[in-house]
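Following: one structure in structure tokens, then a few remarks.
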């Protein structure tokens, strides 16, 4: 559909770019790719909810473990599980940095979608990456009193940079 000579805007463009950019660290490229096609509000609030649960655990908030087990054991699509397991074990600092980065990307995406809607500008339809709204396979049953692993206390040290500077040396000329 064209409107005033304007092609429909692809609201997944930023996610697609981030998922392919070699200057974005691999863990961020993966989670950006997982979000392609997800509805705006669902993607943003799901990532935010997951980040909050992980942050609560990191800060020692007792409700954090219960929240994370609820998220991982829910009977909805596998979106939050896909995000969590893509980052699990990489160290709490990296996990939280990547979730905050993704949350901001999704927030901006949603705000821009709202602005385009208010301006009555056409957008490309989102094609859900999920065939159904329920899990595709077994969903674990988790005890909220689980032991946290070593990655939850891993300190990357003073040289850690939260922003992307990771370029595969094999790609450099």
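Numbering (the numbering used here), first residue to last: 1390 to 1562.
Glycine included, each C-beta is placed from N, C-alpha and C at the ideal position.
Nothing here was measured: the structure is a model prediction, and the numbers come from that model.
Between residue 1418 and residue 1485, the C-beta gap is not smaller than 8 Å, which leaves the two residues out of contact.
Your pair residue 1469 and residue 1524 does not check out as a contact, with CB atoms roughly 11 Å apart and the cut at 8 Å. Fewer than three beta-carbon pairs drawn from the stretch 1440–1456 and the stretch 1514–1524 are found closer than 8 Å, and the two stretches are therefore not classed as touching. Residue 1398 and residue 1498 do not touch by the CB rule: their CB atoms are close to 11 Å apart, not below 8 Å.
Two segments are said to touch when three or more pairs of C-beta atoms, one from each, lie closer than 8 Å; by this definition the stretch 1419–1426 touches the stretch 1395–1409. Burial is judged here by how many other beta carbons sit within 10 angstroms of a residue's own beta carbon; residue 1467 has at least 16 and is buried. The three-state reading of DSSP puts residue 1425 in coil, since its state is none of H, G, I, E or B. DSSP places residue 1490 in the uninterrupted alpha helix (DSSP H) bounded by 1481–1507.
Here residue 1532 is exposed: its Cβ has fewer than 16 other Cβ atoms, across all protein chains shown, within 10 Å. The C-beta of residue 1421 has 16 or more other C-beta atoms within 10 Å across all chains shown, which makes the residue buried.
Cβ-Cβ separation between residue 1404 and residue 1494: approximately 7 Å, consistent with a contact (criterion under 8 Å). Cβ contact annotation for residue 1502 (same chain, cutoff 6 Å, sequence separation greater than five): 1400, 1429, in chain order. In its chain, beyond the 5 residues on either side, 1511 have a beta carbon closer than 8 Å to the beta carbon of residue 1396. Per DSSP, the beta bridge partners of residue 1512 are 1398. For residue 1446, the three-state secondary structure derived from DSSP is helix.
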